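Below is one structure, written out as structure tokens, with a few remarks after it.
Next comes the structure, spelled out in structure tokens:
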């Protein structure tokens with residue numbers, strides 16, 4: 223089959239028409255795979271942190287730690303949970319107007335800002351957790367070795383988060399370039 227035949231066949235295919243209700247259902251958050259993924263991750267982390275916050279005071283001797291250390295840990299966990307909510311709202315709030323190219327540029331800038339906020343909140347979370355668990359203990363050789371093992375794991379997590387956001391932003395920028403090249 224030649225190119226011209228293929229093009230003429232393609233033009234004959236009718237696009238199925240969708241009514242307003244069908245389009246509205248497609249745009250709802252429960253049908254959106256990215257929002258569903260973000261929501262699932264946020265709920266999982268939220269529940270894990272809530273369980274941690276309920277247990278840390280007695281299970282991890284939070285009652286024996288200084289109030290400042292407890293407040294730092296609670297702040298770090300709360301900041302991380304609020305950041306997830308902000309990310310969900312950011313994704314949920316994207317609405318395209320007449321000029322989708324400008325909307326995508328604005329959205330990419332917001333995502334870049336959010337990426338930095340995510341990394342900072344994760345760093346604060348790691349610092350809060352490390353301060354909590356290292357406060358009041360004598361750091362011997364084994365504990366320093368354990369911390370030397372844990373630190374690269376946290377750094378690797380930060381790099382993974384950074385790369386995930388870079389890829390998301392790069393995909394949006396590719397879409398912007400597609401609009402500019404048309």
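In my numbering, the protein residues as written are 223 to 404. Backbone N, C-alpha and C define an ideal beta-carbon position, used for all residues, glycine too. None of the values given here were measured: they were computed from a predicted structure.
{"Asked": "So what does DSSP say about residue 316, is it helix, strand or coil?", "Found": "coil"}
{"Asked": "Excluding five sequence neighbours on each side, which residues of the same chain lie with their C-beta closer than 8 angstroms to the C-beta of residue 351?", "Found": "295 and 298"}
{"Asked": "Quick one: give me the first and last residue of the alpha helix (DSSP H) that residue 363 is part of.", "Found": "363–403"}
{"Asked": "Does the pairing of the segment 307–317 with the segment 335–343 give three or more beta-carbon distances under 8 angstroms?", "Found": "yes"}
{"Asked": "Would you kindly work out how many angstroms separate the C-alpha atoms of residue 262 and residue 226, rounded to a whole number?", "Found": "47 angstroms"}
{"Asked": "According to DSSP, simplified to helix, strand and coil, what is residue 273?", "Found": "helix"}
{"Asked": "Please report how far the alpha carbon of residue 361 lies from the alpha carbon of residue 370, in whole angstroms.", "Found": "12 angstroms"}
{"Asked": "With contact counted as at least three CB pairs below 8 angstroms, one residue from each stretch, are the segment 391–401 and the segment 319–335 in contact?", "Found": "yes"}
{"Asked": "Just how far apart, CA to CA, sit residue 349 and residue 320?", "Found": "44 angstroms"}
{"Asked": "Would residue 313 be called buried (16 or more neighbouring beta carbons within 10 Å of its own) or exposed?", "Found": "buried"}
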